[in-house]
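Going letter by letter, the sequence shown gives residues 509 to 778 in my numbering.
Think of the CB as a built atom: it goes at the ideal place given N, C-alpha and C, for glycine as much as any other residue.
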Amino acid sequence: MNEDFTRNLRLLCSYYKSIAEVCRRLDINRPQFNRYLNGRYKPSASTLRSFCEFFGVEEHEIMLPHSQFARLIQVRPQSRASEVPAKPEAGPLAQLGAQGMQGLERYLGYYFEYYLSMASPGRLLRTLVCLERRGDQVYYQRTERMQVRPGERPNHNRYLGMAYFLTDRIFMVDYESLNSHEMTQTILFPSFKNRISRLSGLKLGVSDNSERMPCCARVLFEYLGPEVQVRKALALCGAYELDSPQIDESVLQAVRNDLGEHEWHFRARH
């Protein structure tokens with residue numbers, strides 16, 4: 509093995525307490541590792557990949573001339589494989605999750621969601637949303653029913669996500685579960701009435717077509733109840749023409765994406 513590799517490997521090991529610690533964490537015996545450090549043996553391709561993954565360098569980098577490699581390592585933040593990285597949920601996200609549960613119980617159940625379609629401009633999309641509590645978190649499923657042509661079997665796109673109630677706003681983030689190629693975020697006004705009827709807000713997502721254009725649309729949630737006949741509810745979902753008699757005029761007014769005379773930003777309308 510070339511001398512640069514062995515010197516580079518020894519430099520990487522110097523960032524740890526001892527060679528023994530490196531061997532323990534790499535799950536390799538000390539005599540074998542010493543042979544690599546001394547240049548007596550060349551590691552296999554899989555072993556070399558393991559070394560590079562552990563130390564946080566690329567395979568071509570560890571073969572660089574030692575002076576060049578030393579400069580690279582000197583300016584690069586050193587990964588510490590000996591340290592267990594903190595999970596995001598162990599910090600602020602965990603606090604938000606616990607805080608976000610308070611006040612969401614009354615919003616559990618089923619909703620029709622309405623917004624102007626991002627993939628089919630000029631049509632209104634009605635989807636089915638179910639919010640439910642699992643353990644210490646509120647999860648939801650949003651199901652789209654799309655029929656490309658009359659008479660064809662409809663397709664169902666499912667989005668899975670989590671909901672939070674933070675300072676009088678409902679935050680919802682989900683992802684498309686089949687191909688995992690899309691995420692959306694929805695922010696809703698809560699209802700301060702005794703009975704929940706409708707929730708309004710904004711949705712940010714990507715059009716589900718080849719353009720994949722980021723879009724923002726006003727959205728309306730219509731509360732259906734804690735339980736529904738899911739098949740019947742899904743049968744009412746789909747893309748509708750704006751003049752369809754199955755869509756209330758009040759729904760169209762709530763999701764219309766226009767700007768007022770003195771509005772400088774695209775804002776939700778309570």
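Neighbour-count burial assignment, residue i, 16 or more Cβ in a 10 Å radius
| i | result |
| --- | --- |
| asparagine 663 | exposed |
| asparagine 553 | Strictly speaking, residue 553 in this sequence is alanine, with asparagine absent from that position. So alanine 553 counts as exposed. |
| threonine 692 | buried |
| leucine 636 | buried |
| leucine 639 | buried |
| phenylalanine 774 | exposed |
| asparagine 516 | buried |
| glycine 630 | exposed |
| valine 565 | buried |
| alanine 594 | No answer about alanine 594 holds up, because its pLDDT of 47 lies below 50 and its placement is not dependable. |
| alanine 743 | exposed |
| lysine 711 | buried |
| glutamate 719 | exposed |
| glutamate 684 | buried |
| arginine 579 | exposed |
Simplified DSSP assignment, three categories, for residue i
| i | result |
| --- | --- |
| leucine 534 | helix |
| alanine 594 | With a pLDDT of only 47 at alanine 594, under the threshold of 50, the placement of this residue in the model should not be trusted; the figure read from the coordinates follows. Three-state result, alanine 594: coil. |
| alanine 589 | With a pLDDT of 43 at alanine 589, under the threshold of 50, the modelled position of that residue is not reliable, and no figure is offered here. |
| glutamate 566 | coil |
| serine 575 | helix |
| tyrosine 549 | coil |
| cysteine 521 | helix |
| aspartate 512 | helix |
Contact under 8 Å by Cβ, residue i with residue j
| i | j | result |
| --- | --- | --- |
| serine 708 | alanine 776 | yes |
| arginine 584 | glutamate 621 | no |
| glycine 733 | cysteine 723 | no |
| aspartate 644 | methionine 680 | no |
| tyrosine 619 | phenylalanine 729 | yes |
| leucine 534 | isoleucine 581 | no |
| leucine 612 | alanine 671 | yes |
| leucine 556 | glutamate 569 | no |
| alanine 725 | asparagine 665 | no |
Own chain residues within Cβ distance below 8 Å of residue i, not counting five before or after
| i | result |
| --- | --- |
| histidine 778 | Phe697, Ser708 |
| leucine 852 | Residue 852 lies beyond the range of the chain shown here (509 to 778); nothing can be said about it. |
| threonine 514 | Tyr544, Leu545, Asn546, Gly547 |
| serine 590 | Residue placement at serine 590 is flagged as unreliable, the pLDDT there being 42, under the threshold of 50; a coordinate-derived value is accordingly withheld. |
| arginine 614 | Ile704 |
Distance between beta carbons of residue j and residue i, contact taken as under 8 Å
| i | j | result |
| --- | --- | --- |
| tyrosine 623 | valine 727 | 4 Å |
| glutamate 652 | cysteine 560 | Not quite, the Cβ-Cβ distance comes to about 43 Å (not below 8 Å), so this is no contact. |
| arginine 551 | aspartate 512 | Sequence inspection shows proline at residue 551; the arginine mentioned does not correspond to that position. With 8 Å as the limit, proline 551 and aspartate 512 do not qualify as a contact, their Cβ atoms being about 14 Å apart. |
Residues near residue i in its chain [Cβ-Cβ closer than 7 Å; skip 5 each side]
| i | result |
| --- | --- |
| aspartate 676 | Pro698 |
| glycine 768 | none |
| serine 558 | Leu534 |
Residues of its chain near residue i, where Cβ-Cβ distance is below 6 Å and the 5 sequence neighbours each way are ignored
| i | result |
| --- | --- |
| asparagine 510 | none |
| aspartate 716 | Ala627 |
| tyrosine 544 | Pro551 |
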